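Since the structure comes first, as structure tokens, the remarks are kept for the end.
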Amino acid sequence: MLKITDLKKSYGKGEPVLKGLNLTTDERRLTAIIGSSGAGKSTLLRCINRLVPANSGKIELDGVNILDLHGQQLQHTRRQIGMIFQAYNLVDRLTVMENVLAGRLGYVGMLRGILRRFPQEDVDRAYALLQRVGLSQYVNKRCDTLSGGERQRVGCARALMQNPRILLADEPTASLDPKTSERIMELIAGITDELDLPVLINLHNVPQATTYADRILGLRHGVMIFDGNPGDLTEDWLEKIYAGYEDDLKKQMRVAPQEQDDE
Amino acid sequence: MSESPDHYIWRRPHFIETPYIRYGLLALALIYLVFALSTVRINPQRVMAGIPRAISMFSGAFPPDFQARGSLIISGFIESIQMTLIATAAGVLLSIPIGFMAAKNVVIKPVYVVGRLIVVVMRSLHPVVLAVIFVSAVGFGAFAGILTLVLYTIGFVGKLLAEAIEEIKYGQVEGIRSTGAGYLPVLSYAVFPQILPRLIGLSIYQLDINLRASAIVGIVGAGGIGGTLNTAFGRYDYATASAILLVMIGIILVTEGISGRLRRFTK
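Chains A and B are the protein sequences, given in the same order. Take the first sequence: its letters are residues 6 to 268, numbered as in the working numbering. Take the second sequence: its letters are residues 8 to 274, numbered as in the working numbering.
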């Protein structure tokens with residue numbers, strides 16, 4: 006379903022962040038991407054939904070090369086790709102419901118969106134999703150009054166509201182305290198299981214990756230150096246993935262997820 | 008490990024490092040100040056001659072006379088307030104699209120250049136100059152004043168709105184854009200809510216400014232209380248003039264109190 010071939014990306018004239026990356030996922034499972042800061046994890050996800058433009062290569066979703074799309078075609082592809090952000094990226098001053106319904110903006114007409122007149126089935130689905138993430142009591146609360154964990158739940162609901170073919174999550178738990186972080190991971194894993202969605206998730210936390218993911222990719226300096234099952238991720242591999250980032254490495258070697266603190 | 012001295016000497020670094028340039032600029036500023044003062048030529052005789060005139064003016068202004076021209080004062084203020092309200096509403100509405108056009112981060116370059124140009128032109132002309140132009144274009148009266156204040160509002164609100172748009176948090180835009188939303192929905196969901204408190208605050212503030220400006224533009228014939236004030240001065244009717252000034256101060260104090268309180272609600 007998602008096929009990335011020889012993807013290259015550099016910012017300005019600097020060292021390339023992605024150096025000819027290849028990746029295929031068509032299985033409906035959770036794929037975690039690990040790697041130290043600056044390895045290119047975020048850039049990879051952002052290239053997929055074109056929040057940043059790639060330099061060369063191909064990203065095909067159901068056979069359509071996303072890098073060739075413009076205007077409305079790009080919007081129609083974007084709406085099939087849900088994204089959850091590290092900083093939640095909700096609109097602070099809008100209500101929870103508006104943020105969730107924003108997930109339908111790629112589908113409804115412009116005027117309906119701007120006037121907040123969404124079709125009844127969208128509103129019903131938004132209520133159902135808010136119930137699923139446990140926030141149905143906050144429908145009309147402004148997002149800037151919510152806690153970090155609650156905001157990320159809204160972020161999940163917004164992404165799912167798109168009825169996505171695939172879900173991208175860019176370090177969705179990195180801004181949260183360890184307990185909340187676990188809950189959000191459980192939520193994402195649970196929902197994707199229920200909805201039968203493939204998920205690409207960047208994680209800074211290896212124990213979380215091995216706990217929740219079905220497949221793990223190790224990214225180092227813009228090159229995929231590990232691709233395998235969580236069980237195959239030995240300490241040797243971790244050392245290769247995180248070599249030169251000793252602090253990151255030490256953190257990852259402590260395996261018990263409960264003892265991880267992220268900040 | 009180098010051994011540490013008994014005490015350290017620390018001074019705040021100078022704003023301009025090179026001493027020649029630092030003291031040179033200071034000397035230039037002093038020379039200019041002396042030169043400027045020498046060209047002012049304060050004439051003590053004219054100052055002395057002015058004192059009795061000032062005394063007669065102030066004694067004429069006291070007590071203020073609200074009655075003699077009462078109906079003129081009231082109609083003048085009503086016209087000023089009407090001008091202010093209409094011009095602020097129209098100006099703010101026009102400022103919104105122009106503010107978006109003049110914000111680098113939400114429009115393409117050619118649109119940005121046009122938007123900036125509109126704002127710069129409107130800001131470069133003082134309301135009195137604008138009023139003179141409009142009075143000669145559309146004739147004496149409130150209409151010229153309203154046009155003046157509309158342009159004045161666009162210059163001020165449009166510019167500050169554009170700056171507010173350029174300072175928005177971009178993550179929120181990314182969040183909405185990633186859902187596949189089109190251009191206008193992104194503006195409506197991710198940009199507009201972020202600048203709304205600023206827009207409300209600016210509009211209320213501009214209402215204050217326009218009320219004051221409406222008095223000034225009246226002096227050159229663009230309607231409102233300014234005209235009445237000018238006539239009062241022209242007829243040496245200082246009692247009426249001081250009455251107008253007192254009412255003006257009162258109204259501005261009241262609106263300032265209200266607008267300050269309203270702006271505190273927009274967080």
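Cβ atoms here follow ideal geometry from the backbone N, Cα and C, with glycine treated the same way. Remember, predicted model here, so these are calculated numbers, not experimental data.
query: Taking just the CA atoms, how far does Leu116 of chain A sit from Thr122 of chain A?; result: The sequence given here places Arg at residue 122 of chain A; Thr does not occur at that position. The alpha-carbon atoms of Arg122 of chain A and Leu116 of chain A are separated by roughly 8 Å.
query: Where does Phe231 of chain A sit, in a helix, a strand or coil, going by DSSP?; result: strand
query: With Lys8 of chain A as the anchor, note down where its beta strand (DSSP E) starts and where it stops.; result: Leu7 to Lys14
query: Below 7 Å on C-beta distance, what does Pro104 of chain B contact in chain A?; result: The contacting residues do not exist; Pro104 of chain B stays about 14 Å from chain A at best.
query: Are there three or more Cβ pairs, one per stretch, closer than 8 Å when the stretch 139-157 of chain A is compared with the stretch 184-193 of chain A?; result: yes
query: For a test of the three-state rule: what should DSSP assign to Ser78 of chain B, helix, strand or coil?; result: helix
query: Against chain B, with Cβ distances strictly below 9 Å, would Phe90 of chain A count as a contact?; result: yes
query: Quick check on DSSP: helix, strand or coil for Lys176 of chain B?; result: coil
query: What are the residues that DSSP puts in a beta bridge with Ser61 of chain A?; result: A:Lys13
query: For the beta strand (DSSP E) that Ala239 of chain B lies in, which residues bound it at each end?; result: No beta strand (DSSP E) holds Ala239 of chain B; the alpha helix (DSSP H) holding it covers Ile232 to Gly241.
query: For Arg184 of chain B, go through chain A and note every residue whose CB falls closer than 8 Å to its CB, in chain order.; result: Leu56 and Arg83
query: Quick one: grab the DSSP three-state call for Arg147 of chain A.; result: strand
query: Tell me the rounded alpha-carbon separation between Ile39 of chain A and Pro212 of chain A.; result: 11 Å
query: Secondary structure at Thr262 of chain B, three-state DSSP: helix, strand or coil?; result: helix
query: Between Pro134 of chain B and the rest of its own chain, which residues show a CB-CB distance below 6 Å, the 5 nearest in sequence each way excluded?; result: Thr155, Tyr159, Ala220 and Val224
query: Taking the C-alpha atoms as reference points, what is the distance between Arg3 of chain B and Gly162 of chain B?; result: Nothing can be reported for residue 3 of chain B: it is not among the residues displayed for chain B, which extend from 8 to 274.
query: Check this for me: beta carbons of Asn217 of chain B and Met90 of chain B, under 9 Å apart or not?; result: yes
query: So, under 8 Å CB-CB, Leu12 of chain A and Ala44 of chain A are touching, yes? Tell me the CB distance rounded to an integer number of Å.; result: That pair is no contact at about 14 Å.
query: Residues of chain B with CB closer than 8 Å to the CB of Val96 of chain A, please, in chain order.; result: Gln179, Gly182, Ile183, Tyr196, Ala197, Pro200 and Gln201
query: Just curious, the beta strand (DSSP E) that Ala174 of chain A is in, first and last residue?; result: Ile171 to Asp175
query: So, at 7 Å on beta carbons, what are the nonlocal neighbours of Ile246 of chain A in its own chain, with the 5 sequence-adjacent residues on each side left out?; result: Ile39, Gly40, Gly223, Arg225, Ile230 and Phe231
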